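Undergrad:
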Amino acid sequence: MYSVFWAERVTIRKRFSVSPYFAVTGAHPLLPLDIVEATYLSPPPTAFLSTTELITRRAIKLQKCRDQLQKICEQVYSARVTAAKRFEQEHPTVIKDFDFKKGDLVLIRNTAIEKALNKKMQAQYIGPLVVIARNKGGAYLIAELDGSVMDRPIAAFRVLPYFVRKCIDVPSTVLDISLERICEMQNSASQGDEDIEEENQAKEDNELENKQDLL
């Protein structure tokens with residue numbers, strides 16, 4: 001039923017020569033169809049169609065949307081993995097895993113300002129901070145010097161060494177969270193900043209779905 005409603009909203013109305021989608025957004029809709037398979041999603045028309053038949057044909061095409069999106073996601077993920085492996089092979093001297101241990105002092109790259117126009121006037125790094133542990137996903141559990149532990153792991157690419165003569169001791173009594181919570185974060189497979197990107201993407205998807213429902 002969703003495909004039928006969507007197809008009906010993107011079909012041009014004879015009365016005002018545009019689709020309801022265009023009337024609301026001012027842009028022509030881009031149907032989520034795979035260009036390679038577009039000619040095979042339905043038989044070619046042999047004559048002019050009625051509006052009902054046109055909506056029916058488009059609804060059938062849209063029913064393949066989820067399968068195509070899943071295929072696209074798999075292709076994008078495969079391309080990302082291939083690109084990452086190629087980058088590792090081409091830049092072996094640039095990539096370095098510092099493998100920080102508990103008690104090491106580090107700096108965190110301030111990625112929040114990288115897209116700002118005045119980033120040169122802001123702090124590029126935050127710290128020094130102290131490493132508590134490293135989880136299964138490779139991200140680090142970081143705490144302030146007063147024992148305040150950050151609420152989520154920090155991605156490894158953001159953590160840089162703070163050069164000191166020696167590391168400091170981290171007694172469990174100085175931390176502001178329980179050992180159970182530390183073990184839970186340490187056993188997680190989170191990669192740090194990836195979780196934030198997924199949350200933002202989920203919010204964008206929800207907003208897009210809400211807009212589509214309004215149409």
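In full-length UniProt numbering, the protein residues as written are 1 to 215.
For each residue, glycine too, the CB sits at the ideal point set by N, CA and C.
This structure is a prediction, so every number in the text was calculated from the model and none was measured.
(1) Of all the options 140, 19, 84, which has the alpha carbon lying nearest to the alpha carbon of residue 158?
(2) Give me the Cα-Cα distance between residue 189 and residue 119, rounded to the nearest whole angstrom.
(3) When burial is assigned at 16 or more other CB atoms within 10 Å of the CB, is residue 123 buried or exposed?
(4) As an exercise, report each continuous beta strand (DSSP E) stretch of at least 3 residues that is fully enclosed by the segment 84-152, in chain order.
(5) Measure the alpha-carbon distance for residue 219 versus residue 133 and round it to whole angstroms.
(6) May I have the straight-line CA-CA distance separating residue 168 from residue 184, to the nearest angstrom?
(7) According to DSSP, what are the bridge partners of residue 159?
(8) Cutting at 8 Å between CB atoms, please list the residues of its own chain near residue 49, excluding the five before and the five after it.
(9) Under the rule that 16 or more other beta-carbon atoms within 10 Å means buried, what is residue 21, buried or exposed?
(10) Please report the residue range of the alpha helix (DSSP H) in which residue 24 lies.
(11) Would you kindly work out how many angstroms separate the C-alpha atoms of residue 156 and residue 147, rounded to a whole number?
(12) Distance check for residue 92 and residue 7, CA to CA, integer angstroms please.
(13) Kindly indicate the opening and closing residues of the alpha helix (DSSP H) around residue 179.
(14) What separation, rounded to the nearest whole angstrom, lies between the Cα atoms of residue 135 and residue 71?
(15) Closest to residue 54 by CA distance: which of 12, 89, 80, 77 is it?
(16) Starting from the Cα of residue 97, find the closest Cα among 170, 160, 125 and give me that residue.
(17) Only counting the same chain, and skipping five residues up and downstream in sequence, which positions put a Cβ closer than 6 Å to that of residue 142?
(18) Applying the criterion that 16 or more other CB atoms from any shown protein chain within 10 Å of the CB defines a buried residue, is residue 192 buried or exposed?
(19) Per DSSP, which residues does residue 154 bridge with? Please list them.
(20) What three-state label does DSSP hand residue 14 in the structure shown?
TA: On the basis of the coordinates in this document:
(1) Here the question's residue 158 lines up with position 158 in the sequence shown. Taking residue 158 as reference, the option from 140, 19, 84 with the minimal CA-CA separation is 140.
(2) Counting from one through the sequence shown, the residue named residue 189 turns up at place 189. Counting from one through the sequence shown, the residue named residue 119 turns up at place 119. Each residue's alpha carbon lies about 31 Å from the other.
(3) What you label residue 123 is simply residue 123 of the sequence shown in a count that begins at 1. With fewer than 16 other Cβ atoms within 10 Å, it is exposed.
(4) Within the segment 84-152, the complete beta strand (DSSP E) runs of at least 3 residues are 105-109, 125-134, 140-143.
(5) Residue 219 lies beyond the stretch modelled for the chain, which goes from 1 to 215, so this question has no answer here.
(6) The sequence position of residue 168 within the sequence shown is 168, counting from 1. The sequence position of residue 184 within the sequence shown is 184, counting from 1. In this structure, the alpha-carbon of residue 168 lies about 23 Å from that of residue 184.
(7) As a first step, residue 159 must be located in the sequence shown, where it is residue number 159. Beta-bridge pairing links residue 159 to 108.
(8) The count along the sequence shown starts at 1 and reaches residue 49 at position 49. Only 57 meet the Cβ criterion.
(9) Taking the sequence shown and counting its residues from 1, one reaches residue 21 at position 21. Counting C-beta atoms within 10 angstroms of its own C-beta, residue 21 has 16 or more neighbours from the protein chains shown and is therefore classed as buried.
(10) Looking up residue 24 in the sequence shown gives position 24. Residues 20-25.
(11) As a first step, residue 156 is located in the sequence shown; it is residue number 156 there, counting from the start. As a first step, residue 147 is located in the sequence shown; it is residue number 147 there, counting from the start. Residue 156 and residue 147 have their alpha carbons spaced roughly 20 Å apart.
(12) Translated into positions along the sequence shown, residue 7 becomes position 7. Translated into positions along the sequence shown, residue 92 becomes position 92. Cα-Cα distance, rounded: 50 Å.
(13) Counting from 1 along the sequence shown, the entry for residue 179 is found at position 179. Start and end: 179-187.
(14) Counting from one through the sequence shown, the residue named residue 135 turns up at place 135. Counting from one through the sequence shown, the residue named residue 71 turns up at place 71. Residue 71 has its alpha-carbon roughly 31 Å from the corresponding atom of residue 135.
(15) Taking the first residue of the sequence shown as position 1, residue 54 is located at position 54. Nearest of 12, 89, 80, 77 to residue 54, Cα basis: 12.
(16) As a position in the sequence shown, residue 97 is number 97, starting the count at 1. It is 160 whose Cα lies nearest to the Cα of residue 97.
(17) Position 142 of the sequence shown, counted from the start, is the residue given in the question as residue 142. Contacts found: 129, 150, 154.
(18) Against the sequence shown, residue 192 aligns to sequence position 192. Buried is the call here.
(19) For the purposes of this step, residue 154 is taken as residue 154 along the sequence shown, with counting starting at 1. Answer by DSSP bridge pairing, in chain order: 140.
(20) Here residue 14 refers to the residue found at position 14 when the sequence shown is read from its first residue. DSSP, reduced to helix, strand and coil, places residue 14 outside both helices and strands of the structure shown, so it counts as coil.
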